[in-house]
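First the structure, in the form of structure tokens, and then the observations on it.
In the UniProt record's numbering, the protein residues as written are 1 to 248.
Pasting the structure below:
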């Protein structure tokens, strides 16, 4: 009997400790893992509607399905406390991951998404860090809070960000960023870059097209671009190197 109690206690401690202070979100007493999958036949776009939680998306060439590994953390984990679904709507796939009522700051759903790289990607995210790599058919991203990392993305990229850094590398396509606060760093972009930034430093390196900036506050550093256009600049230094055309 004593041995059974010890084993049970060890299992309970393991289950509870998985969610404690993870990712700097605060205390989460409970956690559980959920896996979802959806065949990608005839699907052209993946849309993600995510609440609080970190989000990691990886495109895989030739993959035939969308796979989601979710870690749900919170004070309580009843099925009616949160929504976690992946379903097909016409020629689109829709992933929803959010708590119905975020009473505690520890409630969140961390997501790891593996998708066919050929799908267009649309993301609406409330809070948490975002990492996206190897997507080849464009990206539309609306993020309220958290850092954003983009790598090996192709197609038109539109990013709306309220708070957090935006870091992009090896991007093939025009990039448009509307950012309220946080640093912006872009490197190795084949295409034009358009940035509307309220606060935070901007660094762009090795851009094949034109870099256009409208900035309220923060330093601007551009090293390597076809041209540079400064629409407005409230405060901060501007450093330009290796610009192929005359300044305008």
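A virtual CB, placed ideally from N, CA and C, is assigned to each residue, including glycine. Since this is a predicted model, take the numbers as computed values, not measurements.
Exercise for review: Could you tell me if the beta carbon of residue 183 falls within a distance shorter than 6 Å of some heavy atom in the ligand SAM?
Suggested key: The model depicted lacks the ligand SAM and carries no ligand whatsoever.
Point to revise | Beta-carbon proximity check, residue 208 vs residue 190, cutoff 7 Å | key: yes
Point to revise | Assigned exposure category for residue 31 - 16 Cβ within 10 Å defines buried | key: buried
Check your understanding: In chain order, what residues of the same chain lie with their CB nearer than 6 Å to the CB of residue 214, ignoring the 5 residues before and after it?
Key -> 196, 231 and 232
**Study point:** 8 Å CB neighbourhood of residue 154 in its chain, flanking five on each side removed
**Key:** 135, 136, 137, 138, 171, 172 and 173
Review point. Would the region 68-81 and the region 122-135 be scored as touching if the rule is three or more Cβ pairs under 8 Å?
Key: no
Review point. For residue 73, which of 206, 223 and 106 has the nearest alpha-carbon?
Key: 106
Practice item. Identify the continuous beta strand (DSSP E) that holds residue 207 and give its terminal residues. Key: 202-207
Review point. What are the uninterrupted segments assigned as beta strand (DSSP E) that are 3 or more residues long and contained completely in the region 117-203, given in chain order?
Key: 120-127, 130-135, 139-143, 148-154, 157-161, 166-172, 175-181, 184-190 and 193-199
Review point. How long is the line joining the alpha carbons of residue 225 and residue 82, rounded to whole angstroms?
Key: 46 Å
Check your understanding: How many whole angstroms separate the CB atoms of residue 265 and residue 200, which I take to be in contact at a CB cut-off of 8 Å?
Key -> Nothing about residue 265 can be read from this structure; the chain reaches only from 1 to 248.
Check your understanding: For the beta strand (DSSP E) that contains residue 234, what are its first and last residues?
Key -> 227-235
Practice item. Out of 86, 165 and 37, state which residue places its alpha-carbon closest to the alpha-carbon of residue 181. Key: 165
Practice item. Return helix, strand or coil for residue 215, following the three-state DSSP convention. Key: strand
Practice item. Report all residues from its chain with a CB closer than 6 Å to the CB of residue 239; omit the five preceding and five following residues, and keep chain order. Key: 221
Check your understanding: What did DSSP end up calling residue 306 once you bin it into helix, strand or coil?
Key -> Summary: the structure shown does not reach residue 306, with the chain confined to residues 1 through 248, and so no result is reported for it.
Exercise for review: Would you identify the three-state DSSP class for residue 8, choosing helix, strand or coil?
Suggested key: Because the pLDDT at residue 8 is just 40, under 50, the model does not fix this residue reliably, and the value given afterwards should be weighed accordingly. Residue 8 falls in the helix class under three-state DSSP.
Review point. Helix, strand or coil for residue 81 per DSSP?
Key: helix
Review point. Rounded to a whole number of angstroms, what is the C-alpha to C-alpha distance between residue 236 and residue 114?
Key: 40 Å
Check your understanding: How about residue 93 and residue 46: do their beta carbons lie closer than 7 Å?
Key -> yes
Review point. By how many angstroms is the C-alpha of residue 58 removed from the C-alpha of residue 234?
Key: 37 Å
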